[in-house]
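Numbering (this note's numbering), first residue to last: -3 to 213. Note that CB positions come from ideal geometry on N, CA and C, so glycine has one too. This structure is a prediction, so every number in the text was calculated from the model and none was measured. Please read the structure below before turning to the comments.
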Ligand SMILES: [Zn+2]
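Rendered as structure tokens:
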């Protein structure tokens, strides 16, 4: 293929990818959970409020190993969407990695079994907090982006982990975020600054703002 034609087709491909990236938010928007053939039937069904940004990929457990096939939720949000702490906690790590890009890890409280719970936020454009800092539920901790191997579409990859006191992951290391929502299993709970959330640190709220709900204090 002549060089000029190749350049033009690369440019065409680039334009298609760039514009389809914009269209995807209109396509998915709010309140939708993308279905995949890979999803396991046994996973807790998701009740996503119509005002909550859509999920393009859900958590997928692995029955062959302790590490899930998809270790969290992908929440489809444009770059520079505010990322909110899912619960009260302390910043454990602020890092940059090839795979996950700019990442933030928060420590929260313990499960009934005594394990520590962490939430993890990947592919961020920017982190706004430092390791050791205390954060409150709903606090702006960073902005979503496409850093690391985020694929074509900007999204927030959100994980929940359980660890023992030596920081070693236990049993199934990455858990379905579905098990921890404030409003109950499977019931994704939008953060709202005017709502009184019970001070239970391992109950989580959605880590991005929902439409029409106030999140700023
Ligand atoms: Zn993901």
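CA nearest to the CA of residue i, picked from the options
i, options, result
"residue 137", "82, 193 and 35", "82"
"residue 70", "174, 146, 126 and 51", "51"
"residue 214", "201, 120, 140 and 152", "Outside the shown range of the chain, which is -3 to 213, sits residue 214, and nothing can be said about it."
"residue 106", "199, 210, 212 and 211", "199"
"residue 53", "84, 194 and 66", "66"
"residue 42", "68, 64 and 58", "68"
"residue 104", "212, 88 and 117", "88"
"residue 113", "85, 40, 97 and 24", "85"
"residue 177", "79, 40 and 90", "40"
"residue 210", "56, 146, 135 and 57", "135"
"residue 36", "115, 58 and 123", "58"
"residue 27", "131, 56, 147 and 73", "73"
"residue 118", "130, 133, 131 and 80", "80"
"residue 78", "122, 182, 181 and 25", "122"
Residue i, buried or exposed, once every other Cβ within 10 Å from all chains shown has been counted against 16
i, result
"residue 76", "exposed"
"residue 29", "buried"
"residue 196", "exposed"
"residue 94", "exposed"
"residue 155", "buried"
"residue 128", "exposed"
"residue 150", "buried"
"residue 110", "exposed"
"residue 18", "Low per-residue confidence applies at residue 18: pLDDT is 45, beneath 50, and the placement is therefore not dependable, though the value from the model is reported in the following sentence. So residue 18 ends up on the exposed side."
"residue 140", "buried"
"residue 194", "exposed"
"residue 148", "exposed"
Range of the contiguous beta strand (DSSP E) that encloses residue i
i, result
"residue 210", "No beta strand (DSSP E) contains residue 210, which DSSP labels as neither H nor E."
"residue 70", "68 to 72"
"residue 188", "Note, residue 188: premise wrong, no beta strand (DSSP E); not H, not E."
"residue 118", "112 to 123"
"residue 106", "97 to 106"
"residue 65", "From DSSP, residue 65 is part of no beta strand (DSSP E); its letter is neither H nor E."
"residue 181", "Element bounds for residue 181: n/a, residue is neither H nor E."
"residue 146", "Per DSSP, residue 146 belongs to no beta strand (DSSP E) and is neither H nor E."
"residue 154", "151 to 159"
"residue 53", "51 to 53"
"residue 91", "85 to 93"
Pairing CB atoms from the region 177 to 188 with CB atoms from the region 198 to 213, are three or more of them under 8 angstroms? yes
Do the region 152 to 159 and the region 29 to 48 meet, that is, are 3 or more Cβ pairs less than 8 angstroms apart? Short answer: they don't touch.
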